[in-house]
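Residue numbers (numbering that gives the first Met the number 0): 0 to 186. All C-beta atoms, glycine included, are put in the ideal place defined by N, C-alpha and C. What follows is a short report on a single structure.
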Amino acid sequence: MRYFLALERTGSAQAAADLLRTSTTTVSRKISAISERLNEQVVVKTNNQWVLTLVGRRLFDIGVKLGKSISDFGDGYIYGEHVGEIMITSLDFINRTILFLRLHDFHTNYPAIKSNLHSSNANLNFGFGEANVATSLARPTSGRLHAKKLFEVKIANVYFKTPPVLRVTDQKAAPNACKNLRLRQFP
0 MRYFLALERT
10 GSAQAAADLL
20 RTSTTTVSRK
30 ISAISERLNE
40 QVVVKTNNQW
50 VLTLVGRRLF
60 DIGVKLGKSI
70 SDFGDGYIYG
80 EHVGEIMITS
90 LDFINRTILF
100 LRLHDFHTNY
110 PAIKSNLHSS
120 NANLNFGFGE
130 ANVATSLARP
140 TSGRLHAKKL
150 FEVKIANVYF
160 KTPPVLRVTD
170 QKAAPNACKN
180 LRLRQFP
């Protein structure tokens, strides 16, 4: 079903394949399998675009509703209330200066959701799979895990001849700060 939904949303087999990180052959095979099961054409190709037939339009509407229902169920909607646990691992200064100050409002609006803030100054490399390992180690013992990278903070360390160490959160601003203060920058 996801191949069918991606094809309709993107309009082309190549775009759907890129979205799903697969080949156009796989997308075509999956769409053909759906048509064979229903004994009806669900899409028709016209001028390098795929257009839904009436059966395809109905199937698309059902697929969207099904996807929303599964999403609502999986996100922990019970009796119309959000429940669950959120764990945010971030740099210490972000936790102290941004997130911690907003916890009261969050708990007022969502009293059934537990939140945990963990401070870590470790850099995780997505290319080497370090984030995947960290996510696996933080996996809850029960329930479902939804992990998402919220944003990336680039940090440059600027050292004075004597302490303290200045941490600049914007990598592009660090060279200018070093020039203005006549400091040496270390990555």
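| Query | Result |
| --- | --- |
| Supposed contact pair residue 6 and residue 54 - C-beta distance, whole angstroms, cut 8 angstroms | About 14 angstroms; that fails the 8 angstroms criterion. |
| Other residues of its chain near residue 84: CB distance less than 6 angstroms, five sequence neighbours each side excluded | 113 |
| Beta bridge counterpart(s) of residue 45 as assigned by DSSP | 48 |
| Burial state of residue 162 (16 or more Cβ within 10 Å) | For residue 162, the pLDDT reaches just 48, beneath the cut-off of 50, and the residue's location in the model is therefore unreliable, although a value from the coordinates is still provided. It is exposed - the Cβ of residue 162 has fewer than 16 other Cβ atoms within 10 Å. |
| Exposure label - residue 0; buried when at least 16 CB within 10 Å | exposed |
| Element boundaries [alpha helix (DSSP H), containing residue 7] | 1-9 |
| Burial state of residue 15 (16 or more Cβ within 10 Å) | buried |
| Span of the beta strand (DSSP E) around residue 118 | 112-118 |
| Residue 11 to residue 49 span [Cα, whole Å] | 6 angstroms |
| N-terminal and C-terminal residue of the beta strand (DSSP E) that residue 84 is part of | 83-89 |
| Residue 44 beta carbon near the ligand MN (any heavy atom closer than 8 angstroms) | For the structure depicted, the ligand MN is absent and the ligand set is empty, with no information on it obtainable. |
| Distance CB(residue 87)-CB(residue 115) smaller than 9 angstroms | yes |
| Per-residue DSSP class, three states only, for residue 20 | coil |
| Through-space distance from residue 61 to residue 68, alpha-carbon basis | 10 angstroms |
| Residues near residue 52 in its chain [Cβ-Cβ closer than 8 angstroms; skip 5 each side] | 39, 40, 41, 42 and 43 |
| Environment of residue 33 [buried if 16+ CB atoms lie within 10 Å] | buried |
| Residues near residue 59 by beta carbon distance below 8 angstroms, same chain, minus five either side | 3, 4, 7 and 51 |
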